[in-house]
Amino acid sequence: MDEAQTFFREGVMVHLEELETLSHKLALRQEQKRQDRETLEGMKETLIRLRKERDELLAKVSVQEAKIHSLTTQNQPGSDSQPTAETRGNPDAETLLEEVKGILQADWLTGISGKLTRRGACICISTAFEGKYLDSYYLDLVLGSNPRIERHSIPAFIPLDQIANTHLQADLKKFLVLLFQHLNAYAGRKYQAEQLQALPLIATPGTLQKNSLYTLLTFEYNLDVEGADVCFCAKVLYGDLTRVLPTEVHITCKDPAQSLTDTISSHSKLFYKKPLHQALDYLKSANETLVHTSASLSGAGLF
């Protein structure tokens, strides 16, 4: 009788173990299906977002092409690409025209595009940052014996005259590339400042101060440090107008009583390496992870 009971108990235990194993496998399959669904949903969202960005880019390209066409056909009867008396028969001007053709053919993927006109070329400089299409600027160049800029939409605070006086006649390609670097860096710095204001959970709203070139930015941001909410004040300088990353970073703690030298040093290093909004987002994520970990350890009685 005892042997029968023992055998029965062992059989029940084996059956329970089999059920437990089966339940575990079922749970794993269900979890895998859930993860697959989440991955699929994420891919669908990415596809929708990319299609939207594609449509926006196509629309902006159409607008850009229309603007270029408008600029090149305004008050210019006949064919746009036919040379005028100012360029026809002038070896220097014809050489410049050939150089422009080469630049437009080689550099259209890098943000410099346009088309030849009767008097020279209409250039479009398109800016972008982090894969996002930003603003476009236009130059109407006259390429006679004395190359010059006839019209443009370059912001007044970009040193266009200085760049043109130095490079326009001596090296047209260098002039366009340097101008593109200035405009693209300006657009990138401006984009970072705009994104910074979209991070209200870490960047203190209303504290961002900037100049027209976005080469000097000051702002405040808050982080939890050892259980205390600490306000940091940042001053970011861009000494190189062709860069999107700062050349100087100064961070202080709003409460002078708090000594956070190591924390401030780590923040500064991050601002030198990453765009502002990416750096702050990284600090926020790292800070939340640290806070949650500390809370979990405290709840487990390890502190």
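For the record, in the sequence shown the residue sitting at position 236 is 236 according to UniProt numbering, with numbers rising by one throughout. Where a beta carbon is used, it is the ideal one built from N, C-alpha and C, also for glycine.
Item: Tell me which same chain residues have a C-beta within less than 6 Å of the C-beta of Ser126, skipping the five on either side of it?; Value: Gly111 and Ser136
Item: Here's a check: name, in chain order, each residue in its chain whose Cβ is nearer than 7 Å to the Cβ of Ile158, leaving out the five neighbours to either side.; Value: His182, Leu183 and Tyr186
Item: Spatial neighbours of Leu57 within its chain, please: C-beta separation below 8 Å, excluding the five flanking residues on both sides.; Value: Tyr133
Item: Given this structure, state the Cα-to-Cα distance separating Arg49 from Glu41, to the nearest angstrom.; Value: 12 Å
Item: If you follow the beta strand (DSSP E) that Lys135 is part of, which residue opens it and which one closes it?; Value: The sequence as given places Asp at residue 135; Lys does not occur at that position. Note, Asp135: beta strand (DSSP E), Lys132 to Val142.
Item: What whole-angstrom Cβ distance do Val225 and Leu172 have, given they're in contact under 8 Å?; Value: Their Cβ separation, rounded to whole angstroms, is 53 Å, which puts Val225 and Leu172 out of contact at 8 Å.
Item: Can you give the Cα-Cα distance for Thr207 and Thr218, rounded to whole angstroms?; Value: 7 Å
Item: Please list, in chain order, all residues of the same chain as Val142 whose beta carbon is under 6 Å from its beta carbon, the five residues on each side excluded.; Value: Arg119, Gly120, Arg148 and Glu150
Item: Taking its Cβ as the centre, do 16 or more other Cβ atoms sit within 10 Å of Ala234, making it buried, or is it exposed?; Value: buried
Item: Report the start-end ranges of each alpha helix (DSSP H) in the segment 139–223 that is 4 residues or longer and not cut off at the edges.; Value: 160–167 and 172–196
Item: Classify Ala279: buried if its beta carbon has 16 or more other beta carbons within 10 angstroms, exposed otherwise.; Value: buried
Item: Can you tell me which residues form a DSSP beta bridge with Gly114?; Value: Ile123
Item: Given this structure, state the Cα-to-Cα distance separating Leu26 from Glu20, to the nearest angstrom.; Value: 10 Å
Item: Can you confirm whether Glu248, when its beta carbon is compared against all beta carbons of chain B, has any partner nearer than 8 Å?; Value: As a matter of chain content, chain B is missing from the structure shown, which is built from one protein chain.
Item: For my contact list, Arg189 and Tyr221 are in at a C-beta cut-off of 8 Å; report their separation, rounded to the angstrom.; Value: With 8 Å as the limit, Arg189 and Tyr221 do not qualify as a contact, their Cβ atoms being about 18 Å apart.
Item: Let me confirm a value: Ala228 is counted as buried when at least 16 other C-beta atoms fall within 10 Å, else exposed. Which label applies?; Value: exposed
Item: Specify, as a first and last residue, the run of the alpha helix (DSSP H) that Thr261 falls within.; Value: Thr261 to Lys273
Item: Just list the residues that DSSP pairs Leu237 with in beta bridges.; Value: Leu216 and Glu248
Item: As a quick exercise: from Thr46, Thr117, Leu160 and Thr247, pick the residue whose alpha carbon is nearest that of Gly144.; Value: Thr117
Item: Run the CB neighbour count on Tyr238, radius 10 Å, all protein chains shown included, and call it buried at 16 or more, exposed below.; Value: buried
Item: In angstroms, rounded to a whole number, what distance separates the CA positions of Ser266 and Ser153?; Value: 40 Å
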